[in-house]
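S.K.:
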Amino acid sequence: MDKKAYTEKEKLVLVSLVKEYGACIENKKTDGTSIQEKQNAWENIASYYNAQPDINIHRTSKQLKKLWDNLKQRKRKETTHLRHSQLLTRGGPPSEKKDDPVLELVTDIAKYSDVTRDCLWDSTALYEKYSQSSETVMSPALYLKSTPVKRKVEKPYSRTPKYDTEMQDTEIYWRVLKAKRAVEHQEELHRKRMETAQAEAELAQLKLQAYLKSQGDL
1 MDKKAYTEKE KLVLVSLVKE YGACIENKKT DGTSIQEKQN AWENIASYYN
51 AQPDINIHRT SKQLKKLWDN LKQRKRKETT HLRHSQLLTR GGPPSEKKDD
101 PVLELVTDIA KYSDVTRDCL WDSTALYEKY SQSSETVMSP ALYLKSTPVK
151 RKVEKPYSRT PKYDTEMQDT EIYWRVLKAK RAVEHQEELH RKRMETAQAE
201 AELAQLKLQA YLKSQGDL
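Under the UniProt record's numbering, the first residue of the sequence shown carries the number 1, and numbering increases by one thereafter.
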């Protein structure tokens, strides 16, 4: 076990290093050559990681690989929880979650580590289904079938199949609109947090490059 928990800055350093070797260590091949390349990549990552001025605790390649696997597992659990929350809200916005810049960067590197299953009540999927050809929200009238309205006397409180269908389409429109606004709000918050996280990652990479350059000048 690691002697001390990793700080957020240490995690960002690791993720920025893994990004350089992502194509290798996330390779799904299991042949001897691929396994050896992955081991070499993790040894290089450990060497660069421990050489960073902000790193005070020495970590082995095995420890860093374990941290990376744990970060991917956390991302899977977060995605599963998000999907479950969307099911509970029947397509509405999921319960508010705390954004984790480290996990967002993990997603960029290991794009297939998430649990991604289509859900009938997924607000994003619902929005895409009903607005594939337009980025703007359509009016309720456009969602309804454009059939001529026949004037006729109906019995009190009687409802036709067409009426039920139009009501369902209108409800879908308002549900989509509500989900879209919630998603836009979440995306704006996410964008601001990602800008901060990206700046941290770029700073870590600059420090790594400076270190490598100093080693080459020796």
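Glycine residues also receive a C-beta, built at the ideal position from the N, C-alpha and C atoms.
Flag this pair as yes or no: are the beta carbons of SER34 and GLN205 separated by less than 7 Å?
M.R.: No, the pair does not count as a contact, with Cβ atoms beyond the cut-off.
S.K.: With DSSP collapsed to three states, give me the class of TYR21.
M.R.: Three-state result, TYR21: helix.
S.K.: Among GLU202, GLU200, ALA5, which one has its Cα closest to the Cα of ILE57?
M.R.: Checking every option, the nearest Cα to that of ILE57 belongs to ALA5.
S.K.: Would a check of beta-carbon distances place GLN52 closer than 7 Å to chain C?
M.R.: Included in the structure is just one protein chain, with no chain C present.
S.K.: Report yes or no: do three or more beta-carbon pairs, one from the stretch 37 to 46 and one from the stretch 61 to 68, lie closer than 8 Å?
M.R.: Judged by Cβ distances under 8 Å, the stretch 37 to 46 makes contact with the stretch 61 to 68, as three or more pairs qualify.
S.K.: What three-state label does DSSP hand PRO140 in the structure shown?
M.R.: Note that PRO140 has pLDDT 39, beneath the 50 cutoff, so the model's placement of it is unreliable and the number below is only indicative. Note: PRO140 maps to helix in three-state DSSP.
S.K.: Measure how close the beta-carbons of LEU105 and ARG74 come, nearest whole angstrom, since I'm counting them as under 8 Å.
M.R.: Contact doesn't hold; Cβ gap of about 12 Å is too wide.
S.K.: Please determine, among GLU37, ALA41, THR79, the residue with the shortest C-alpha to C-alpha distance to LYS19.
M.R.: Residue ALA41 is the option with its Cα nearest to LYS19.
S.K.: Do LEU71 and GLU200 have their C-beta atoms within less than 7 Å of each other?
M.R.: No, the Cβ-Cβ distance between LEU71 and GLU200 is not below 7 Å.
S.K.: Starting from ILE35 and walking both ways along the alpha helix (DSSP H), at which residues does that stretch end?
M.R.: First-last of the alpha helix (DSSP H) with ILE35: 32 to 50.
S.K.: Given that a residue counts as buried once 16 or more other Cβ atoms are within 10 Å of its Cβ, and exposed if not, what is ARG59?
M.R.: The residue in question, ARG59, is buried, as its Cβ has 16 or more Cβ neighbours within 10 Å.
S.K.: Helix, strand or coil for ALA5? Go by DSSP, reduced to three states.
M.R.: Coil.
S.K.: Could you work out which residue in GLY22, ARG191, THR196, LYS207 is closest to ASP69 when comparing CA atoms only?
M.R.: Measuring from the Cα of ASP69, the nearest candidate turns out to be GLY22.
S.K.: Exposed or buried, ALA197, counting other C-beta atoms within 10 Å across all chains shown (16 or more means buried)?
M.R.: Looking at its Cβ environment, which holds 16 or more other Cβ atoms inside 10 Å, ALA197 is buried.
S.K.: Buried or exposed, going by whether 16 or more other CB atoms sit within 10 Å of the CB of LEU189?
M.R.: By the neighbour-count rule (16 or more Cβ atoms within 10 Å), LEU189 is not buried but exposed.
S.K.: May I have the straight-line CA-CA distance separating GLU78 from GLN39, to the nearest angstrom?
M.R.: Taking the straight line from one Cα to the other gives about 28 Å.
S.K.: With DSSP run on the structure shown, which of helix, strand or coil describes ARG59?
M.R.: Coil, per DSSP.
S.K.: Where does GLU187 land, buried or exposed, given buried means 16+ other C-beta within 10 angstroms?
M.R.: When all chains shown are included, GLU187 counts as exposed.
S.K.: Skipping 5 residues on each side, what residues in its chain have a beta carbon closer than 8 Å to that of GLN52?
M.R.: So the list reads VAL13, ALA204, LYS207, LEU208, TYR211, once near-sequence residues are dropped.
S.K.: When burial is assigned at 16 or more other CB atoms within 10 Å of the CB, is GLU202 buried or exposed?
M.R.: So GLU202 counts as exposed.
S.K.: Going straight from the alpha carbon of ASN50 to that of THR107, what length do you get?
M.R.: Using only the alpha carbons, I get a separation of about 24 Å.
S.K.: Would DSSP call ASN27 helix, strand or coil?
M.R.: The answer is coil: DSSP assigns ASN27 none of H, G, I, E or B.
S.K.: Quick one: Cα of ASN27 to Cα of ARG181, how far?
M.R.: The straight-line gap from Cα to Cα measures roughly 38 Å.
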